[in-house]
Amino acid sequence: MEPLRRAALETMMPVWILLNTVSGMKAVDDAMEELATEKEAEESHRQDSVNLLTFILLLTLTILTIWLFKHRRVRFLHETGLAMIYGLLVGVILRYGIPATSYHNQTPPSCSLKEGPTTTLLLNVSGKFFEYTLKGEINLKEIHNVEQNDMLRKVTFDPEVFFNILLPPIIFHAGYSLKKRHFFRNLGSIITYAFLGTAISCFVIGNLMYGVVKLMQVVGQLTDKFYYTDCLFFGAIISATDPVTVLAIFNELHADGDLYALLFGESVMNDAVAIVLSSSIVAYQPSGANTHMFDASAFFKSVGVFLGIFSGSFVMGAATGVVTALVTKFTKLHCFPLLETALFFLMSWSTFLLAEACGFTGVVAVLFCGITQAHYTYNNLSEESTKRTKQLFEVLHFLAENFIFSYMGLALFTFQNHIFSPIFIIGAFLSIFIGRAFNIYPLSFLLNLGRRHKIKGNFQHMMMFAGLRGAMAFALAIRDTATYARQMMFTTTLLIVFFTVWVFGGGTTPMLSWLHIRVGVDPDQDLQPSGDSFQVLQGDGSQDEGQSKTKQESAWLFRLWYTFDHNYLKPILTHSGPPLTSTLPSYCGPLASCLTSPQAYECPL
């Protein structure tokens with residue numbers, strides 16, 4: 001029995017040694033694979049750091065060049081134009097200076113899915129599971145040109161980064177820094193240009209571009225589908241003006257306050273209108289087989305979507321501002337300026353995300369939140385917090401805006417699906433000029449019929465000239481580049497932004513001189529009465545100035561609003577205004593005493 005056991009052990013010994021060897025080799029392979037994974041993660045981390053460093057260096061270089069230009073009083077090129085130039089240079093280096101690999105001699109593996117592509121895919125590779133996420137569909141013609149340059153792929157940001165991180169401070173700053181006296185005295189004209197003018201511009205551009213698309217189809221330059229609704233969508237996104245260059249020069253030269261207010265107010269409001277208009281066009285879905293022809297019920301549904309989204313976003317933004325005003329009024333946060341500033345910042349930013357999460361438009365919500373915060377909450381903040389909030393959002397606005405313009409220059413070379421169509425590009429340039437003319441001149445004529453302080457011809461020419469395109473048009477165009485039509489729109493939008501910022505922005509100073517527009521104007525003294533004046537909605541503590549003139553000069557609707565705001569809203573939401581005990585009926589005495597702050601009794605009525 002013993003010899004048999006010994007023989008069996010001797011027979012199994014090689015097998016045991018072989019199994020140990022195999023398991024040892026497997027452990028070594030696993031260790032090597034883990035080491036390779038760690039090295040890959042470390043390399044990816046380094047690459048991400050290099051990408052962010054690239055943009056920081058771009059902004060740093062832009063700031064230094066801006067200082068040089070301001071020091072030398074150079075006005076032919078604005079900081080946003082500089083940022084685009086530096087972005088273009090970096091894009092050229094990344095595209096042509098860094099070698100890339102591709103799938104040239106490889107055939108992608110094939111598989112069939114019954115329910116179409118999924119957002120997340122799990123693959124079993126040799127017993128190990130790997131997770132892959134959907135990036136998008138690739139045109140069959142471009143299957144061998146898929147970009148494998150890690151640097152280029154990683155500097156291509158998710159479009160949601162622009163909407164959720166970079167746009168909110170830009171839009172909020174526009175509302176928070178509004179020069180309210182000039183803005184509200186021209187409010188009727190601004191609303192007309194922003195709402196009616198943007199709608200006119202959208203439909204004029206959309207219909208002209210539909211003719212261009214039909215021409216492309218005739219001459220054989222259209223290789224894929226391009227519907228009428230696509231043309232209207234392009235008209236909506238390209239109608240968003242952003243005369244940041246012109247306004248910066250206006251501010252520096254102290255140009256006419258009314259012209260500044262008309263341009264600034266129109267650009268702020270029409271950004272909001274353009275984004276809601278584009279959402280309404282996307283929501284346009286006729287019933288039946290042909291989903292791209294005109295349908296009355298679908299049209300009115302889109303109009304309802306427009307009104308619903310805009311009004312809902314407006315209410316949400318104003319409500320957030322009111323809540324912030326109440327919190328800062330009825331708490332002792334002013335004793336802790338850091339906490340006060342932090343709360344103000346978070347409440348303001350959350351407005352954008354809350355509106356987007358509820359299906360509304362964050363741009364509209366955060367704009368009106370900024371206006372409400374400036375009008376009410378600003379009065380409740382401590383002196384330190386007022387300075388902090390203004391400087392904080394000014395810096396965030398500056399960095400975000402220049403980052404977007406730098407990325408525009410970069411995207412011209414890093415975006416993989418550009419479609420350059422000369423006919424479409426030329427048609428788009430002609431269409432935006434015609435659309436702008438149909439917006440400015442007829443509406444100015446109609447507005448002048450009811451204004452005592454007319455919008456002069458040189459003002460109209462300057463507004464026509466100042467219709468630059470910028471961050472909002474780019475952000476709307478890059479948000480969806482999945483189809484042939486959207487890719488062509490994105491490429492054309494980029495070129496339009498470049499041209500208008502460089503050429504029109506650079507020509508602002510000569511144009512001011514040529515049109516004989518006043519410069520060196522003191523905005524506090526330049527308060528001539530206008531036909532739709534309303535100059536008292538201020539959040540900077542000077543609301544009592546010119547108070548008596550306002551009631552005589554303003555339209556009855558704004559006079560009614562001013563009376564309600566001054567007697568009830570201001571005392572409820574801020575420490576200023578007349579005490580509620582003097583404006584509310586006597587039976588509301590206990591409630592009035594509760595809502596009125598002690599500081600209100602110290603303020604002059």
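Just so you know, we're using this note's numbering here: the sequence shown kicks off at 1 and counts up by one. Note that the Cβ used here is the ideal one computed from N, Cα and C, for glycine as well.
Using three-state DSSP, classify residue i as helix, strand or coil.
i, result
"residue 533", "With a pLDDT of only 39 at residue 533, under 50, the local geometry of the prediction cannot be trusted, and no value is derived from it."
"residue 133", "strand"
"residue 417", "coil"
"residue 516", "coil"
"residue 590", "helix"
"residue 479", "coil"
"residue 608", "Outside the displayed range of the chain (1 to 605) lies residue 608, so it cannot be described from this structure."
"residue 459", "helix"
"residue 596", "coil"
"residue 422", "helix"
"residue 177", "coil"
"residue 393", "helix"
"residue 372", "helix"
"residue 565", "helix"
"residue 230", "helix"
"residue 560", "helix"
"residue 327", "helix"
"residue 69", "helix"
"residue 45", "helix"
"residue 584", "coil"
"residue 449", "coil"
"residue 50", "helix"
"residue 74", "coil"
"residue 156", "coil"
"residue 444", "helix"
"residue 301", "helix"
"residue 474", "helix"
"residue 380", "helix"
"residue 322", "helix"
"residue 398", "helix"
"residue 551", "Its pLDDT being 40, under 50, residue 551 is placed unreliably in this model, and the value from its coordinates should be taken loosely. Note: residue 551 maps to helix in three-state DSSP."
"residue 63", "helix"
"residue 429", "helix"
So residue i packs on residue j, CB below 8 Å; how close in whole Å?
i, j, result
"residue 313", "residue 355", "5 Å"
"residue 404", "residue 159", "Actually they do not touch by this definition, with Cβ atoms about 12 Å apart."
"residue 411", "residue 494", "7 Å"
"residue 278", "residue 344", "Contact flag wrong, Cβ pair sits at about 30 Å."
"residue 349", "residue 81", "Contact doesn't hold; Cβ gap of about 28 Å is too wide."
"residue 413", "residue 94", "7 Å"
"residue 616", "residue 459", "Because the chain here runs from 1 to 605, residue 616 falls outside it and cannot be looked at."
"residue 183", "residue 190", "7 Å"
"residue 606", "residue 573", "The chain is shown only over 1 to 605; residue 606 falls outside these bounds and no answer can be derived."
"residue 57", "residue 475", "Not a contact, Cβ separation roughly 23 Å."
"residue 273", "residue 194", "6 Å"
May I ask which residues mark the beginning and end of the alpha helix (DSSP H) holding residue i?
i, result
"residue 606", "This structure gives no information on residue 606, because the portion of the chain shown stretches from 1 to 605."
"residue 262", "257-282"
"residue 341", "337-357"
"residue 164", "Per DSSP, residue 164 belongs to no alpha helix (DSSP H) and is neither H nor E."
"residue 577", "Note, residue 577: premise wrong, no alpha helix (DSSP H); not H, not E."
"residue 223", "Taken as a continuous stretch (DSSP letters only), residue 223 belongs to no alpha helix (DSSP H), as it is neither H nor E."
"residue 651", "Since the displayed the chain opens at 1 and closes at 605, residue 651 lies outside it and no answer follows."
"residue 199", "198-218"
"residue 194", "Run containing residue 194: none; DSSP gives neither H nor E here."
"residue 573", "570-573"
"residue 82", "79-97"
Who are residue i's beta bridge partners in DSSP?
i, result
"residue 123", "130"
"residue 469", "241"
Is residue i near the ligand GTP - that is, is its Cβ less than 7 Å away from at least one heavy atom of it?
i, result
"residue 405", "No copy of the ligand GTP appears in this structure; indeed no ligand is present at all."
Could you tell me whether the region 236-246 touches the region 211-227, using the rule of 3 or more Cβ pairs below 8 Å?
no
Are the region 47-60 and the region 381-393 in contact at 8 Å, needing three or more beta carbon pairs?
no
Is the region 185-204 touching the region 429-444, taking contact as three or more C-beta pairs under 8 Å?
yes
For the pair the region 322-331 and the region 369-385, tell me if three or more CB-CB distances fall below 8 Å.
yes
Validate contact between the region 417-425 and the region 460-474 using beta carbons, cut 8 Å, 3 pairs:
no
Across the region 483-493 and the region 251-267, are there enough close Cβ pairs to call them in contact, namely three or more that are closer than 8 Å?
no
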